[in-house]
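See below for the structure under consideration.
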Amino acid sequence: MPADVDALVLSNDRLSEAYNVVGLAAPSIAAAAQPGQFVMVREDRPGAPLLRRPFSIFEILRDDQGRPTGISLLNKRVGVVTGALYAREPGGRLQCLGPLGRPFSVGTPPAEAWMVAGGVGLAPFATLAEALREQRTPATLYYGGRSASDLFHVDWFERRDIRVVLATEDGSRGEAGLITGPLERHLALLPAAAPLMIHACGPTGMMRAVAQLAQASGRATEVSLEPVMGCGLGGCYSCVVPVRSGPATPSQLVRSCLQGPVFPGHQVAWNELAPAV
Amino acid sequence: MPADVDALVLSNDRLSEAYNVVGLAAPSIAAAAQPGQFVMVREDRPGAPLLRRPFSIFEILRDDQGRPTGISLLNKRVGVVTGALYAREPGGRLQCLGPLGRPFSVGTPPAEAWMVAGGVGLAPFATLAEALREQRTPATLYYGGRSASDLFHVDWFERRDIRVVLATEDGSRGEAGLITGPLERHLALLPAAAPLMIHACGPTGMMRAVAQLAQASGRATEVSLEPVMGCGLGGCYSCVVPVRSGPATPSQLVRSCLQGPVFPGHQVAWNELAPAV
Amino acid sequence: MSSINLTVNLGQLQLKNPLVAASGCFGYGTEYSDVVDLSTLGAIAVKGLFLQERPGHVPPRIVETPSGMLNAIGLQGIGVRRFIDERLPALRKHRAVVIVNICGTTVDEYAELARILSDAPGVAALELNISCPNIKEGGITFGCDLRGAHDVVSAVRRATSLPVIPKLTPNVTDVASFARAAEEAGADAVSLVNTFLAMAIDVETRRPRLSNVFGGLSGPAIRPIAVRMVYECRQAVRIPIMGMGGIMTAEDVVEFLVAGADAVQVGTANFVDPFVWPKLLDGLTGYLERHGHGAVRDIVGTVAVPGAAQRISS
Amino acid sequence: MSSINLTVNLGQLQLKNPLVAASGCFGYGTEYSDVVDLSTLGAIAVKGLFLQERPGHVPPRIVETPSGMLNAIGLQGIGVRRFIDERLPALRKHRAVVIVNICGTTVDEYAELARILSDAPGVAALELNISCPNIKEGGITFGCDLRGAHDVVSAVRRATSLPVIPKLTPNVTDVASFARAAEEAGADAVSLVNTFLAMAIDVETRRPRLSNVFGGLSGPAIRPIAVRMVYECRQAVRIPIMGMGGIMTAEDVVEFLVAGADAVQVGTANFVDPFVWPKLLDGLTGYLERHGHGAVRDIVGTVAVPGAAQRISS
Ligand SMILES: Cc1cc2nc3c(=O)[nH]c(=O)nc-3n(C[C@H](O)[C@H](O)[C@H](O)COP(=O)(O)OP(=O)(O)OC[C@H]3O[C@@H](n4cnc5c(N)ncnc54)[C@H](O)[C@@H]3O)c2cc1C
Ligand SMILES: Cc1cc2nc3c(=O)[nH]c(=O)nc-3n(C[C@H](O)[C@H](O)[C@H](O)COP(=O)(O)OP(=O)(O)OC[C@H]3O[C@@H](n4cnc5c(N)ncnc54)[C@H](O)[C@@H]3O)c2cc1C
Ligand SMILES: Cc1cc2nc3c(=O)[nH]c(=O)nc-3n(C[C@H](O)[C@H](O)[C@H](O)COP(=O)(O)O)c2cc1C
Ligand SMILES: Cc1cc2nc3c(=O)[nH]c(=O)nc-3n(C[C@H](O)[C@H](O)[C@H](O)COP(=O)(O)O)c2cc1C
Ligand code: FES
Ligand code: FES
Chain G
1236 MPADVDALVL SNDRLSEAYN VVGLAAPSIA AAAQPGQFVM VREDRPGAPL
1286 LRRPFSIFEI LRDDQGRPTG ISLLNKRVGV VTGALYAREP GGRLQCLGPL
1336 GRPFSVGTPP AEAWMVAGGV GLAPFATLAE ALREQRTPAT LYYGGRSASD
1386 LFHVDWFERR DIRVVLATED GSRGEAGLIT GPLERHLALL PAAAPLMIHA
1436 CGPTGMMRAV AQLAQASGRA TEVSLEPVMG CGLGGCYSCV VPVRSGPATP
1486 SQLVRSCLQG PVFPGHQVAW NELAPAV
Chain D
1236 MPADVDALVL SNDRLSEAYN VVGLAAPSIA AAAQPGQFVM VREDRPGAPL
1286 LRRPFSIFEI LRDDQGRPTG ISLLNKRVGV VTGALYAREP GGRLQCLGPL
1336 GRPFSVGTPP AEAWMVAGGV GLAPFATLAE ALREQRTPAT LYYGGRSASD
1386 LFHVDWFERR DIRVVLATED GSRGEAGLIT GPLERHLALL PAAAPLMIHA
1436 CGPTGMMRAV AQLAQASGRA TEVSLEPVMG CGLGGCYSCV VPVRSGPATP
1486 SQLVRSCLQG PVFPGHQVAW NELAPAV
Chain R
172 MSSINLTVNL GQLQLKNPLV AASGCFGYGT EYSDVVDLST LGAIAVKGLF
222 LQERPGHVPP RIVETPSGML NAIGLQGIGV RRFIDERLPA LRKHRAVVIV
272 NICGTTVDEY AELARILSDA PGVAALELNI SCPNIKEGGI TFGCDLRGAH
322 DVVSAVRRAT SLPVIPKLTP NVTDVASFAR AAEEAGADAV SLVNTFLAMA
372 IDVETRRPRL SNVFGGLSGP AIRPIAVRMV YECRQAVRIP IMGMGGIMTA
422 EDVVEFLVAG ADAVQVGTAN FVDPFVWPKL LDGLTGYLER HGHGAVRDIV
472 GTVAVPGAAQ RISS
Chain C
172 MSSINLTVNL GQLQLKNPLV AASGCFGYGT EYSDVVDLST LGAIAVKGLF
222 LQERPGHVPP RIVETPSGML NAIGLQGIGV RRFIDERLPA LRKHRAVVIV
272 NICGTTVDEY AELARILSDA PGVAALELNI SCPNIKEGGI TFGCDLRGAH
322 DVVSAVRRAT SLPVIPKLTP NVTDVASFAR AAEEAGADAV SLVNTFLAMA
372 IDVETRRPRL SNVFGGLSGP AIRPIAVRMV YECRQAVRIP IMGMGGIMTA
422 EDVVEFLVAG ADAVQVGTAN FVDPFVWPKL LDGLTGYLER HGHGAVRDIV
472 GTVAVPGAAQ RISS
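Protein chains in written order, with this note's numbering: chain G, 1236 to 1512; chain D, 1236 to 1512; chain R, 172 to 485; chain C, 172 to 485.
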């Protein structure tokens, strides 16, 4: 049962001109959140945009005793609300509805988990990394960006014993090129018998490539899609994505706020997925 | 020629739960402003109210050399924009269009000037007081409010050699009752030959009473009206008030942003003035 | 709670309070059972249903506009049979008062839907969507034609003893004439307004922002037009009115009631704040208390309009 | 400036750029000569004029609404003769291109106004206000009736050789049919939209917020509906279109042009920011440069709409 929290902004860590991390006091959301879930955010001031915006829950914030006290959001500034999240100073407030959506499945050993993140698609993987670690599931983060200055929190993952593989398009950090490069090679090297789950979040093209690579090598994937969402609760039917239950069945438009945002990669009818407007 | 200044908020002096004074950097407006003129204010942020709101220019701010650097507004919180003006911290910005409107006439000795202010109607009298002082015109401020805590800047006027007469409805400061009480008595005492101009700004009922008292004793008045204003420039015809050129002529609706906000009190067709909504 | 009488009568249908969830903005109701006690709502107008399942439009289906939003969902839906089998039982369990919003491509389809739903336990009333701007056939074609509107309402009237509430489109010259046509055809009440046909273009790509090109405008932007239309219909008909369009706060609820609505529907506000319902109810109750009214119906249609005022056109 | 060709043709009327001040939102133009170089505007549609002076409505005449405003000015005005004597000379001195917005209570009055203005030097075109929601007689009664619209346009067409531009009301079921009627009656262009008939109620006093009860809604709130209507008219007629409704930024200007407007009018934005004009012109020029277009007309009506898309109703 989601709550709507009038959350105090605890911190605002500006990582670059475009990215920041906002810390929010929201114990009830933090306590209930599962990896890959999201919140619907709005500003409560006269004239603020009407509709809420979806954000993955990035970190679970905890007090000294480890009790969940809040969440953080990894925000990329692209418009009005993401701009406001970038500007929001500690002491301000943001309305946060959540946690919402179907989470990632958290594999257990001996299965391995690979997380593939592009840009702000890193957001759902902090909580997933912690959950995997709790299960002692060996985990790797494949993380790509345009250049070194677009990669954040790498040491955060390393400190949590996540193996990290990096790629940048300009070669300024990690391998030069797309993150699907190393992913493809590593997939080819992994013994067929070794169980693996791949989780991906990032630009649609990247997720599609990951899902196809994985399928080609018979691996399961989960992708976290980012359609426009009007309500986050199943009320408006704006967030639909085309999925098919079997390879030959026709696709159906299902609500990604309820049945997603995490979907099995092979179920997504990538050809029919509308380009983000 | 009015300017639209993206004015830096220099100060915000909260006088009470409802009143504050906002200082704004606006040299061009400050240099051009005449007593009784106003500015049209808006906030430039997504979702701010569409229409600007009119505010009298309260003080002219000056640097050490006495050069005009900005203006202040005496603000009373009644709704969205006045609420924003109350909340605005120094460092923020407000868009200020002005100076606008027909000013008070500044009398010269031997004429005396009496200013009658009710509540936030004090706003136009700081600039008028300074102009009168420059002309060495003897001036009195009649200033009424609900109670002592609604009266502000009294010493500001006293420091400028303005005689101040106060009244509060609850009797907590000055005379008990309405400010028209002492005004009426003093009018009766003033020799008929002594020239006098009365300026009034405040609730409509007060201005009307002042205009009628004055007319009864053959005195000229100027009143500063506060209708709803859409543009401040004569473009929308929203701000009309009924005035008549002679006592027997029918009234005409004229734009108070151009022909006012200051009008000769006897020209206002008080009976036809719409109640503020 | 207080001693204020919040009940309202919509013809044969009595609601415990005048707050109704608007069709298409509250799913089938069951989606919201986690966040709203469904039994506390006056009623729920469920998402528009056809006889058959419908896939709806390709996304993007919504876009935000100044103080509003456009939608072109295209009436994606599970069809009336699945609704009866899969959703109605849960709604009954939650003690929700269910108004089923129905949509057909022919007069017969409306009548058929009405017959099917008359036999289903737990349907309180039928709202006839003759005003959806987002589908090619049916819907708004009936809503923009007086004859068509009359025919649909009459046919449904004959097919059911459930309360029949046609939902009017604002995309017409004279909405009051449609309210009259509905009344004459035997409607128990009318609801209005549906969304305004609109369009938004992405200037960078020079493509429509909605896959369907056109969409329906809802939200606070339309409220002043919707209030006017409710007022006009109040002058034109005696049957009850459910008013809607941009209601976000209790003050907005009162504005519609005072303009002449017997009950109100709340749509877009659910997306902004799914917890809005108790706030609206408390705000309405508080308003009535503050103004010394013992019942909601005391303020319905009480706007003080000088004698001369009337619609200028037509 | 740049080498971009900003001129647009509205039939016989060529404008140096597509930015026109909307009637009623720019006084008689002269009020703005202090803040805007009037010669830099494509044209100025002056405040609506009757044959006679008119007092207009009692205040309050405007009220703000979400992303919009209602107005019920009631066409207060100085009448056509005083306009010609007192305002036109100054407008000519400022080298303003003047479109006179005229309003009558009968067809003959429109024709008479047209004759009088045809003889006045410095009138570039006539805009026929057959769409004002704020007066009891004339105005919108012509605008909501196809026959009436046709008659007014024909009569004015016969009375003048000036360009004739009827201004259409959005308060109709099918605005495109009015554009067609205007075209058939010999209009040189159409302008749209005028304001949407609306109403706001003060819930504390339960009185209308406007003395006239009803008012016209303008501003960003209506933009998506106005864009849709411009697009529909573009599909229906060959004559040029002046589009308007909620334009605040250069991006909004482009949206209307791309939807099918040959020029745009800007109304409410003048109140928000009287210095908006150079910003709009620079923004438009910048857009065209950025997208590699040499002329405004290259983007008019270029919205990419899939073949199937068309108005669903009627
Ligand atoms: C489940 C989910 C989780 C998400 N998690 C995050 C996250 O953790 N961090 C983060 O920064 N963003 C995340 N997003 C994307 C984020 O919701 C959008 O960037 C945001 O809605 C844009 O709002 P805005 O007001 O800033 O942009 P607007 O001013 O509304 O629009 C600016 C531009 O962004 C585009 N846009 C609007 N919505 C989306 C969208 N949903 N996806 C892509 N582009 C869009 C618009 O078309 C427009 O071009 C997530 C989206 C989903 C669906
Ligand atoms: C020439 C002139 C000078 C003014 N000078 C000052 C000044 O120096 N200081 C100051 O505090 N105020 C001044 N006012 C009044 C001020 O403009 C209004 O209080 C303001 O517009 C309210 O805006 P808002 O957004 O806060 O209120 P809104 O949220 O728009 O409305 C809140 C309430 O205030 C009422 N209201 C709106 N406009 C006015 C108005 N013009 N007059 C009275 N009530 C109104 C509304 O009906 C509503 O009930 C002046 C007005 C004029 C015309
Ligand atoms: C996303 C969405 C879907 C809608 N679907 C329907 C529908 O299926 N049937 C219907 O009659 N109205 C539908 N409507 C219209 C609403 O019920 C309501 O009439 C309109 O949105 C105005 O109210 P509001 O401003 O409170 O949203 C829909 C509106 C929205 C925003
Ligand atoms: C205060 C006001 C007065 C208006 N007066 C007229 C008028 O006299 N004649 C006319 O044709 N339109 C008039 N209009 C309508 C505008 O010209 C324009 O069609 C409408 O406001 C939509 O554009 P906007 O949203 O840019 O304001 C008026 C609008 C406003 C806001
Ligand atoms: S976002 Fe509204 S149904 Fe998914
Ligand atoms: S405020 Fe617009 S004309 Fe005076």
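We put the beta carbon where it would ideally sit given N, CA and C, even for glycine.
DSSP places Leu246 (chain C) outside both helix and strand once states are collapsed to three, so it counts as coil.
One thing to note: Ala1402 (chain G) has its Cβ within 9 Å of the Cβ of Pro1417 (chain G). In the DSSP annotation of this structure, the continuous segment of the beta strand (DSSP E) that includes Asn272 (chain C) starts and ends at 269-273.
Between Tyr1472 (chain G) and Gly195 (chain R), the C-beta gap is smaller than 9 Å, which places the two residues in contact. Residues of the stretch 1467-1487 of chain G with a C-beta less than 7 Å from any C-beta of chain R: Leu1468, Gly1469, Gly1470, Cys1471, Tyr1472, Ser1473, Val1475, listed in chain order. The C-beta distance from Tyr402 (chain R) to Gly431 (chain R) rounds to 5 Å, short enough to fall under 8 Å. If you draw a straight line from the Cα of Gly1356 (chain D) to the Cα of Arg1371 (chain D), it is about 23 Å long. Residue pairing from DSSP places Arg1328 (chain D) in a beta bridge opposite D:Leu1243.
Here DSSP, grouped into helix, strand and coil, assigns Asn300 (chain C) to strand. Between Gly1353 (chain G) and Pro1462 (chain G), the C-beta gap is not smaller than 9 Å, which leaves the two residues out of contact. Per DSSP, the beta-bridge partners of Asn1310 (chain D) are D:Asn1255. A distance of 9 Å or more separates the beta carbons of Val1240 (chain D) and Arg1323 (chain D). Residue burial is scored here from C-beta neighbours: Met1236 (chain D) has fewer than 16 other C-beta atoms within 10 angstroms and is therefore classed as exposed. Counting only runs of at least 4 residues, the stretch 1328-1406 of chain D fully encloses the following alpha helix (DSSP H) elements, listed from N- to C-terminal order: 1360-1369, 1389-1394.
Residues of the stretch 382-393 of chain C with a C-beta atom less than 9 Å from some C-beta of chain R are Ser382, Asn383, Val384, Phe385, Gly386, Leu388, Gly390, Pro391, Ala392, Ile393, listed in chain order. With respect to Tyr281 (chain C), Val343 (chain C) sits apart: the two C-beta atoms are not nearer than 9 Å. Separation of Pro1485 (chain D) and Gly1282 (chain D) (C-alpha to C-alpha, rounded to the nearest whole angstrom) is 43 Å.
Of all residues, those with a beta-carbon under 6 Å from at least one heavy atom of ligand 5 are G:Met1464, G:Gly1465, G:Cys1466, G:Gly1467, G:Gly1469, G:Gly1470, G:Cys1471, G:Tyr1472, G:Ser1473, G:Cys1474, G:Arg1490, G:Cys1492, reported in chain order.
Near chain D, meaning a CB-to-CB distance below 8 Å, the residues of the stretch 434-446 of chain C are Thr439, Asn441, Phe442, Val443, Asp444, Pro445, Phe446.
Look at the beta carbons and you see the stretch 1266-1276 of chain D touching the stretch 1290-1306 of chain D: at least three pairs across the two are nearer than 8 Å. Contact check for Cys1331 (chain D) against Leu1259 (chain D) passes: the beta carbons are separated by less than 9 Å.
With respect to chain D, the C-beta atom of Gly1282 (chain G) has a partner C-beta closer than 9 Å. At a Cβ-Cβ threshold of 9 Å, Ala352 (chain C) and Leu363 (chain C) do not count as neighbours. It is roughly 12 Å from the alpha-carbon of Ile412 (chain C) to the alpha-carbon of Val335 (chain C).
Selection R:Ala356, R:Ile470, R:Ala347, R:Gly293 evaluated against Glu422 (chain R) yields R:Ile470 as nearest (Cα-Cα).
Residue environment analysis places Asp1248 (chain D) among the exposed positions, since fewer than 16 neighbouring C-beta atoms fall within 10 angstroms of its C-beta.
Between the alpha carbons of Val384 (chain C) and Ala1358 (chain G) lies a distance of about 52 Å. Interface criterion met: the Cβ of Arg232 (chain R) is under 9 Å from a Cβ in chain G.
Annotation: Phe1339 (chain G) to Gly198 (chain R) spans about 25 Å, alpha carbon to alpha carbon.
For the C-beta of Asp1241 (chain D), not a single chain C residue is nearer than 7 Å; the gap to the nearest is close to 11 Å.
The criterion of a C-beta distance shorter than 9 Å is satisfied by Gln183 (chain R) and Asp359 (chain R). Residues of the same chain with a CB within less than 7 Å of the CB of Val327 (chain C), apart from the 5 flanking positions on each side, are Tyr281, Ala282, Ala285, Leu297, Leu299, Val335 in chain order.
Residue contact with chain D for Phe197 (chain C): present (Cβ-Cβ distance below 9 Å to some residue of chain D). Nearest to Lys1311 (chain D) by C-alpha distance, out of D:Val1389, D:Arg1454, D:Ala1253, D:Ala1483, is D:Ala1253.
Chain D places a beta carbon closer than 9 Å to that of Val1315 (chain G), counting this residue as a contact. Within the same chain, Leu220, Phe221, Leu222, Gln223, Glu224 come within 7 Å of Gly250 (chain C) by CB-CB distance, once the 5 residues on both sides are set aside.
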